[in-house]
Structures are given as structure tokens and as C-alpha cells.
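These notes concern the structure reproduced below.
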Amino acid sequence: MSASVVARLLADPAAAAEVEDWTAVFAAARGESLTGSLAFRLKGLKLPDKVGRLLADARGAAEAGRTQALWEAEMARRALAPLGLPIVLLKGTAYVAAGLAAGTGRSIGDLDILVPRTALPEVERALLAAGWEWVKEDSYDDLYYRRWMHELPPLIHSTRDRMIDVHHTILPLTARPKPDAEALVADSVALGNGLHILCPEDMVVHAAGHLFADGDLAGGLRNLWDIDRLLREFEGAEGFWQRLHDRAARHGLLSAVHRAGRLANDLYGTPVPEGWRVRDGADPLFKSRLLARDGWGHPTRRALRFGFYLRSHWLRMPPLMLARHLWRKARRRSEPA
Amino acid sequence: MAGPRFVADPPEAARTVALETLTAFYHAPSGTTHILAPPAPQILEALAGRPGEADEVLARIGERFELASDDAPAAIAARLAELEAAGLVRRA
Amino acid sequence: MRRLELRIGPVSFRIGSAWAGPLDQLECLYAGYPAAEAPCDFTVRLEPARPWRRFLRPSVAIAGDYWLPDTAPLPLSLGLLAAEMGMNLQMALGQRRYLLLHAAAVEREGRALLITGPSGAGKSTLAALLGERGWRFMGDEFALVGLDDGLLHAFPRAVSLKNEALALFPDVAPERLGPLLEGTPKGTIRHLRPNDEAVARMDQPASPALILFPRFDRELEPAVRPVGAAEVFVRLTQASTNYVALAEPGFAALTRLVTNVPGRAIDYATGEQAVALVERLWEEVR
Numbered sequence: 001m002s003a004s005v006v007a008r009l010l011a012d013p014a015a016a017a018e019v020e021d022w023t024a025v026f027a028a029a030r031g032e033s034l035t036g037s038l039a040f041r042l043k044g045l046k047l048p049d050k051v052g053r054l055l056a057d058a059r060g061a062a063e064a065g066r067t068q069a070l071w072e073a074e075m076a077r078r079a080l081a082p083l084g085l086p087i088v089l090l091k092g093t094a095y096v097a098a099g100l101a102a103g104t105g106r107s108i109g110d111l112d113i114l115v116p117r118t119a120l121p122e123v124e125r126a127l128l129a130a131g132w133e134w135v136k137e138d139s140y141d142d143l144y145y146r147r148w149m150h151e152l153p154p155l156i157h158s159t160r161d162r163m164i165d166v167h168h169t170i171l172p173l174t175a176r177p178k179p180d181a182e183a184l185v186a187d188s189v190a191l192g193n194g195l196h197i198l199c200p201e202d203m204v205v206h207a208a209g210h211l212f213a214d215g216d217l218a219g220g221l222r223n224l225w226d227i228d229r230l231l232r233e234f235e236g237a238e239g240f241w242q243r244l245h246d247r248a249a250r251h252g253l254l255s256a257v258h259r260a261g262r263l264a265n266d267l268y269g270t271p272v273p274e275g276w277r278v279r280d281g282a283d284p285l286f287k288s289r290l291l292a293r294d295g296w297g298h299p300t301r302r303a304l305r306f307g308f309y310l311r312s313h314w315l316r317m318p319p320l321m322l323a324r325h326l327w328r329k330a331r332r333r334s335e336p337a
Numbered sequence: 338m339a340g341p342r343f344v345a346d347p348p349e350a351a352r353t354v355a356l357e358t359l360t361a362f363y364h365a366p367s368g369t370t371h372i373l374a375p376p377a378p379q380i381l382e383a384l385a386g387r388p389g390e391a392d393e394v395l396a397r398i399g400e401r402f403e404l405a406s407d408d409a410p411a412a413i414a415a416r417l418a419e420l421e422a423a424g425l426v427r428r429a
Numbered sequence: 430m431r432r433l434e435l436r437i438g439p440v441s442f443r444i445g446s447a448w449a450g451p452l453d454q455l456e457c458l459y460a461g462y463p464a465a466e467a468p469c470d471f472t473v474r475l476e477p478a479r480p481w482r483r484f485l486r487p488s489v490a491i492a493g494d495y496w497l498p499d500t501a502p503l504p505l506s507l508g509l510l511a512a513e514m515g516m517n518l519q520m521a522l523g524q525r526r527y528l529l530l531h532a533a534a535v536e537r538e539g540r541a542l543l544i545t546g547p548s549g550a551g552k553s554t555l556a557a558l559l560g561e562r563g564w565r566f567m568g569d570e571f572a573l574v575g576l577d578d579g580l581l582h583a584f585p586r587a588v589s590l591k592n593e594a595l596a597l598f599p600d601v602a603p604e605r606l607g608p609l610l611e612g613t614p615k616g617t618i619r620h621l622r623p624n625d626e627a628v629a630r631m632d633q634p635a636s637p638a639l640i641l642f643p644r645f646d647r648e649l650e651p652a653v654r655p656v657g658a659a660e661v662f663v664r665l666t667q668a669s670t671n672y673v674a675l676a677e678p679g680f681a682a683l684t685r686l687v688t689n690v691p692g693r694a695i696d697y698a699t700g701e702q703a704v705a706l707v708e709r710l711w712e713e714v715r
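So this is what it looks like as C-alpha cells:
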């Protein structure tokens, strides 16, 4: 169960002295996109030369990724500055732009931003004018995104080949919790150049909501590590836990935030309030899903993963709509290209 | 006629290597490499940390660099638009 | 998962497979190569594309530490090719210690000749041919440029040769040849193991001395043209899978290479013409 070794090393770097099969650790870490984070956690430890070299490579890769992510944010800023809107960075790009511990070594994919829903048309226009274009999908997908999802259909930049996801809230409109999107924007923190990040409590709520209220937990170990880093960074502030509770309740994501806290505490030793550490019957299933990767980097627990895949669709849609959606997808797959 | 003001990143943000008449230009903030032909490298040098519009750029370059074009201001404006799209200059 | 570990130059691979066949073929092809250096740099996995495809019309999906989403599975008969492609993917997407150029390389007297060009331009065949004519073969798929030392480091993988090209190698010992693989994207191919010298000296780097841009066509007259540094630079960035990921050290290594090492384009119609042109150019750049 090599994903659990990776989790252990992140939580307790000194355990690196006991590792015998580093090839397996690297395979599992790469499978979970955690090599950069792991490499920074293990920096400075006395390790075999070759292990040290591979970890240094991982840090270099994370640095290069960080540069690219910040540049994408800057180019989006330049394209959207004339609109005079708050542009809120989300996820990995936000962590590195704000210099948070959660950004250290983090692998970053697309640029995710949050804008007010009313601003979507002008944001779309400005991005298209500045060289982004639609990732070509059929008209059903386009309609699906615009009506039901929490983001515009994906855009990709024509020369830089990097994607941007423009969100107007943090969960699909069809999901049961209804986060307060206006509050997310109104209470965002300015970085000084026109870009914003979510306030600390909202950042945690978003991370937990993204992990447990939307999606099938793929890459979950990394997202949970983000939550560990965020909680450790923010919890020193006076009244943080109460504010977190209030914000989570306001966004309808209290149970997701609690589950995130319990699992982070279990896997990473994250400090959470005593009252949060209750027994929940579903936690072991979530934990198993998060750790479902072996020493070959291969995803394990196929049935469990499929169960969470079904759950992710269930979370996003009312049952009747889900049935229609899956039917259309199945028909499309069986049609000749 | 005043046009938009541009600025380029300071010299420390780039690495340049001459390759015969062209310049290999590594832009550290973006991690991208550009192959630039004159007067692009000269324009970037003129705007490095010093905002200016097309006419000012022309004046700064003209001191040290001979421009072959009859319609030099239009040529400079065109190069500036290209450099902006490439992310090497931004509106000041 | 059955496993095989393999070291090629500075890179060690751990290759896992649901089937024994491809690993047996790989082990034969790389007989005499040194032991892997733990921990392995990369893991490659050959897996059934769907669980039932392990036995029913077996289909090999190429997976590993680094992967691309749309890689089509291969039939089990081409499992050896899948393993080679898997290793290529790990290098292309994950290699960070060396600047990778899509080029072949051979060495003589401590100096290296780099042969670039798109797939099918004949660089693999030319490099393999030179490797049998007194040059030390350093690799045909990837040329590894040291980021600190600017030297070329050998990565001598088995060379994939089209069936017709094999006619150029009549004296090669049969145990150096891999199985005949039919129905590959390049048609029918066989792999050729580099000779004993190439394997024995794989840890010896060389100074790059000439960058060649070959063009092969039966209609061509043999010809030589210089290639300017700017053109060499652009063509090499297009031929590098990790130039962008390496950021500034990549820029430094590549500009250093193109400003110190001359480039030449050659046209040729036969292997013999190519070898003659190379020998002539080599004298010129000494």
C-alpha cells in the first residue's frame, strides 16, 4: 500500500530513514502528483545520493510548474484588467501566488479563477479577444456547462496551450449545497495587482468542498495535503476555527469540512478541534479510496473507485437529470465517430 | 500621435544570447524562449523598466540603431503589438 | 506484476508486465547491459487495456510514472515495442537531469557527432551504420546533453530498424537482433542491440563536435551545406521534449551547444554516400 507510505513521509519526514523501496515510493508519489510536495518535505535529510538527486529533480519540476502557473495568472490578469473586476485565483495557483505553504512543491494543472456570475459574458469576451479559444466540444457539452455547471466551458490559449477554467461558484448549480458565491468574491483578499484569493476560511471550505462534495476523489491525497497545509497555516489566527465553522455552514459544506478535518488528522496528524474527532462510519471508505494506489503507481480497489465515480455523478445531479445525462453520453460513445 | 504606453520587464528578467544576426531571448517570468530579429531586442532594451509609447521608443532606439523602414513609427507600433501578444511587453 | 530492471547509460528503468513474453524478449535484447542502479529513475507498466484483455485478444496498455492520455494499446505480439515506447515516454516527460534532443549520436576520439532530423529521415540507420564502422554508438532516440558539463552522455538503447534497412547489416551477430515485429506503425521492424563497445563504454561522455541534419532520398545528389546557429537552435528546440520544462538551465545548455558546435546539412542517396560525407566533414571540423 505505497500511497500510505507517501502519506506517512509527508506527515513525518524522519520516517524516510526506514524506507527500503524508494522506487515504489516514487511510483506512488508520481501517481498521486505528490512528488514535488514530498521532495520539499524531505529536503535537507540525509538520504542515499540517488534518492537525493531524484528528489532534487522533483523540486526543479515543481519550480518550473510554479513559474508557468504564475505566468498564466499574469496573462489572465492582463487580459481582464480593463474590466475592473475582482478576479479570484483558486486552488494551486492561489497557493503559490499568495506564497502559502500549500503551494510548496505543489503540482499545478490548469488556471482556475472565480468571477461574479454577472460578469461571465464580458470575461468570456475578453479572454477570447486575448487569444484563448474553446476546447472543442459538441453543443450538448457546451449547453451542459453553461446551464448546470459552476464554470464556463473550458478555454485553452491558442499559443501557450494552457487551459483556464472560469468559475462563478465553487460547486455545480445542480449539487445540493448552495455556496454563497457573492460572499466568496466579496470577502476575497486582494493580492495588490488586481488578483485576489479567497479568504482563509473560504479557501479551506473550497478545498474540502471540491474534495468531498464534487468529484470522485481522484488525486484526493494531494487535495487533502493542501487542506493539512492550509489548516496548519491559518489555525494560529485568533478565532479561526469558529470562523471556519460559520463559513462552512454558510456555504452548506459543514459536513465536507468536518470530514476533511477528520481524514487529514488521521492521515497527516493535522491538528483539529477535539469536538471534530468523532467516529463516522463512512470515513474508512473515504480513507481507502484516498490510499488506493500501489507501489507500481497502479490504481487499486477498482470496485471502490467505481463506487466513488458513481457517487460523483450522484452528487452533481438530481436523479432524473443524471439518467438523461448518462444516456446521452452512452449513446454518443456508441455512435460511429 | 500618442499611442498606448508599454513597459518591458527589467534586464535581470531575461537572458540573451546572440545567434548571428538574431537574438535568443529567455524570458524568466514566463519561462518562454523567443528568437528575436531587430528591432525587437532593441525595443525591449529601450522599454526595460522604462515605460514609453511608440514614438519614445523610436527616439530611444534611433540614438543607437539605424531603422531601415520608411514608415518607422508604424513598424515600431506593429512590433510592439507582437511583443505584447507574446507577453514580453505590457501596458504601463 | 512480473518485473525487469534495466540500466541504459545514466537511467535505470523498472519495467513491470502482466505477461512474461515481452519481458523475456526485452531481457534477451539487452543481454550484457549493466545492473540497474537503485532506486530506478522510472517505472514502466505493461497492463491489460481492460481486465479481460489479459487473456482475450491480449492488448497491452502502456502505463508508468509518466503517461499520455491517448496512447493506443498494442497487441501482445508487439509487447517489446510497447516496453520501448514506455521507456521513451518516461524519458520524454520525466527526464530533468539532461537536456534531451531527438537525435542519434556516435563518438570517435572523445568527440561526438549528433545526427538530428524527424523520424524516418534515416538518422537511426545512419547512426547504427557508423556504429559498425569504427564509431562508438551512443544512442539513436535521445541525445542527452549534460546541463552542467555540456557533454553528450550515452543512452544506447536498441535501435529499431525497418526490415529493408537490415540489409545494410549483413555481418551482425544474430543474437544482437530482436524478434521480427510486424504491423507496427513503421511497418515490419527488428531491434538491433548496440555492439559490445557501445555497451562497455556507455558511461563515458563525449564532447559534441558536429551537428548533422541529414536528408535521405534515392533521387538526391550528395551535398553539404552549413546550417547557421539560429536555425540549429530553432530546429533543436522543436526536437527536444524537455527543453521547456528545464527552463533557464535548458536555455543555457542549448545556447552553449549551438554557439560552440557547427551545424551541417547533408543530402545523400545511399548509406555509403552518407558515411563518406560524414568522414569528410569530420576531418573538416577537427
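Chains as they are written, first to last, in the working numbering: chain S, 1 to 337; chain H, 338 to 429; chain L, 430 to 715. Every residue gets a Cβ at the ideal spot worked out from N, C-alpha and C, and that includes glycine.
Query - Own chain, CB closer than 7 angstroms to G297(S), minus 5 neighbours either side, in chain order - result: What you label residue 297(S) is simply residue 297 of the first sequence in a count that begins at 1. Hits under 7 angstroms: A27, A28, R30, G31.
Requested in this report: Quick one: residues in its chain with C-beta nearer than 7 angstroms to the C-beta of V628(L), no 5 flanking neighbours on either side, listed in chain order?
Outcome: Along the third sequence, read from residue 1 onward, the residue named residue 628(L) stands at position 199. Counting only Cβ-Cβ distances below 7 angstroms, and skipping sequence neighbours, we find G461, Y462, P585.
Requested in this report: Quick one: using the 10 Å Cβ neighbour count with 16 as the cut-off for buried, is W314(S) buried or exposed?
Outcome: If you number the first sequence from 1, residue 314(S) lands on position 314. With fewer than 16 other Cβ atoms within 10 Å, it is exposed.
Query raised in the report: Okay, do the stretch 68 to 82 of chain S and the stretch 169 to 187 of chain S touch, 3+ Cβ pairs below 8 angstroms being the bar?
Result: no
Query - Own chain, CB closer than 6 angstroms to G692(L), minus 5 neighbours either side, in chain order - result: Stepping through the third sequence from its first residue, residue 692(L) is reached at position 263. Excluding positions up to five away in sequence, the list reads I640, V656, V661.
Query raised in the report: Would you call P498(L) buried or exposed, if buried means 16 or more other Cβ atoms sit within 10 Å of its Cβ?
Result: Working through the third sequence from its first residue, we reach residue 498(L) at position 69. Looking at its Cβ environment, which holds fewer than 16 other Cβ atoms inside 10 Å, P498(L) is exposed.
**Report entry** Segment contact flag, the stretch 543 to 562 of chain L with the stretch 456 to 476 of chain L, C-beta cutoff 8 angstroms, min 3 pairs
**Finding:** no
Query raised in the report: Can you list the alpha helix (DSSP H) stretches of 4 or more residues lying completely in the stretch 678 to 715 of chain L, in chain order?
Result: 700 to 713
Query raised in the report: Thinking C-alpha only, which one of Q519(L), P502(L), N517(L), V574(L) is nearest A534(L)?
Result: If you number the third sequence from 1, residue 534(L) lands on position 105. Ranking Q519(L), P502(L), N517(L), V574(L) by Cα distance to A534(L) puts V574(L) first.
Query raised in the report: Are the Cβ atoms of K50(S) and E593(L) separated by less than 8 angstroms?
Result: Reading the first sequence from its first residue, position 50 is the one you call residue 50(S). Reading the third sequence from its first residue, position 164 is the one you call residue 593(L). Cβ atoms of K50(S) and E593(L): not closer than 8 angstroms.
Report task. Taking only the alpha-carbon atoms, compute the straight-line gap between L425(H) and P154(S) and give it to the nearest angstrom. Result -> One-based indexing of the second sequence puts residue 425(H) at position 88. One-based indexing of the first sequence puts residue 154(S) at position 154. Straight-line Cα distance between these residues: approximately 26 angstroms.
Query raised in the report: Name the DSSP bridge partner or partners of P504(L)?
Result: Residue numbering aside, residue 504(L) sits at position 75 when the third sequence is read from its first letter. Answer by DSSP bridge pairing, in chain order: S488(L).
Query raised in the report: To which residues of the same chain is R342(H) closer than 6 angstroms at the C-beta, ignoring the five residues directly before and after it?
Result: Counted from its first residue, the second sequence places residue 342(H) at position 5. Excluding sequence neighbours, R342(H) sits near P388, E390, A429.
**Report entry** For S553(L), the first and last residue of its enclosing alpha helix (DSSP H)
**Finding:** Numbered from its first residue, the third sequence carries residue 553(L) at position 124. Run containing S553(L): 552 to 560, per the alpha helix (DSSP H) assignment.
Query raised in the report: Which of the three DSSP states, helix, strand or coil, is assigned to Y495(L)?
Result: Translated into the one-based positions of the third sequence, residue 495(L) becomes position 66. Y495(L) falls in the coil class under three-state DSSP.
**Report entry** V394(H) - DSSP class collapsed to helix/strand/coil
**Finding:** To locate residue 394(H), count along the second sequence from 1; it is residue 57. Helix at V394(H).
Report task. Give a yes or no on whether the minimum CB-CB distance between E357(H) and chain L is below 8 angstroms. Result -> Within the second sequence, residue 357(H) is the residue found at index 20, counting from 1. Yes, E357(H) counts as interfacial toward chain L.
Query raised in the report: How many angstroms separate the CA atom of G523(L) from the CA atom of A39(S)?
Result: Residue 523(L) sits at position 94 when you count from the first residue of the third sequence. Residue 39(S) sits at position 39 when you count from the first residue of the first sequence. Cα to Cα, the separation comes out at about 15 angstroms.
Requested in this report: Quick one: measure Cβ to Cβ for L83(S) and A129(S), integer angstroms, because I've assumed they're closer than 8 angstroms.
Outcome: Position 83 of the first sequence, counting from 1, holds the residue named residue 83(S). Position 129 of the first sequence, counting from 1, holds the residue named residue 129(S). Contact flag wrong, Cβ pair sits at about 11 angstroms.
**Report entry** Integer Cβ distance of L304(S) from A292(S), believed to fall under 8 angstroms
**Finding:** Taking the first residue of the first sequence as position 1, residue 304(S) is located at position 304. Taking the first residue of the first sequence as position 1, residue 292(S) is located at position 292. Between A292(S) and L304(S) the Cβ distance is about 6 angstroms, and since that is below 8 angstroms, they are a contact.
Query - From I164(S), L120(S), R332(S), residue whose alpha carbon lies closest to that of W134(S) - result: Translated into positions along the first sequence, residue 134(S) becomes position 134. Residue I164(S) is the option with its Cα nearest to W134(S).
Query raised in the report: What residue ranges within the stretch 112 to 156 of chain S form continuous beta strand (DSSP E) runs of no fewer than 3 residues, ordered along the chain?
Result: 132 to 134
Query - Contact set between M430(L) and chain S, taken where Cβ atoms lie within less than 7 angstroms - result: On the third sequence, position 1 is the one that residue 430(L) refers to. The answer, in chain order, is W296.
Query raised in the report: At what residues does the alpha helix (DSSP H) containing K615(L) begin and finish?
Result: Numbered from its first residue, the third sequence carries residue 615(L) at position 186. No alpha helix (DSSP H) holds K615(L); DSSP gives it neither H nor E.
Query raised in the report: Between T460(H) and A69(S), what straight-line distance do the alpha-carbon atoms span, to the nearest angstrom?
Result: For chain H, the structure presents residues 338 to 429; residue 460(H) sits outside this window and is missing.
Query - Any chain S beta carbon closer than 8 angstroms to R387(H) - result: Taking the second sequence and counting its residues from 1, the one referred to as residue 387(H) is at position 50. No, because no Cβ of chain S sits closer than 8 angstroms to the Cβ of R387(H).
Requested in this report: Could you tell me which uninterrupted alpha helix (DSSP H) segments, each at least 4 residues in length, are contained entirely in the stretch 75 to 104 of chain S, listed from first to last along the chain?
Outcome: 91 to 97
**Report entry** Per-residue DSSP class, three states only, for H582(L)
**Finding:** Here residue 582(L) refers to the residue found at position 153 of the third sequence. Strand.
Query raised in the report: If you draw a straight line from the alpha carbon of D226(S) to that of R106(S), how long is it in whole angstroms?
Result: Locating residue 226(S) in the first sequence gives position 226, counting from the first residue. Locating residue 106(S) in the first sequence gives position 106, counting from the first residue. So the alpha carbons of these two residues sit roughly 9 angstroms apart.
Query raised in the report: Taking just the CA atoms, how far does I170(S) sit from A694(L)?
Result: Residue mapping note: residue 694(L) aligns to position 265 of the third sequence, counting from 1. Residue mapping note: residue 170(S) aligns to position 170 of the first sequence, counting from 1. Those two C-alpha atoms are separated by around 56 angstroms.
Query raised in the report: Taking three-plus beta-carbon pairs below 8 angstroms as touching, is the stretch 105 to 124 of chain S in contact with the stretch 237 to 255 of chain S?
Result: no
Query raised in the report: Quick one: which chain L residues come within Cβ less than 8 angstroms of W22(S)?
Result: Counting from one through the first sequence, the residue named residue 22(S) turns up at place 22. Chain L residues near W22(S): A467, P468.
Query - For F680(L) and A377(H), the rounded distance between their alpha carbons - result: Numbered from 1 along the second sequence, position 40 holds the residue referred to as residue 377(H). Numbered from 1 along the third sequence, position 251 holds the residue referred to as residue 680(L). Approximately 19 angstroms, taken between the alpha carbons.
Requested in this report: Taking A101(S) as the reference, give the member of A282(S), A186(S), G275(S), E233(S) with the closest Cα.
Outcome: Taking the first residue of the first sequence as position 1, residue 101(S) is located at position 101. Per the Cα distances, E233(S).
Query raised in the report: Taking Cβ to Cβ, would you say L443(L) is nearer than 8 angstroms to D57(S)?
Result: Counted from its first residue, the third sequence places residue 443(L) at position 14. Counted from its first residue, the first sequence places residue 57(S) at position 57. As written in the sequence, residue 443(L) is Arg, which differs from the Leu given in the question. Their beta carbons are not under 8 angstroms apart, which means R443(L) does not touch D57(S) by this criterion.
Query raised in the report: Where E538(L) and R78(S) are concerned, what is the direct C-alpha to C-alpha distance, given to the nearest angstrom?
Result: Here residue 538(L) is taken as the residue at index 109 of the third sequence, counted from 1. Here residue 78(S) is taken as the residue at index 78 of the first sequence, counted from 1. Their Cα atoms are separated by approximately 54 angstroms.
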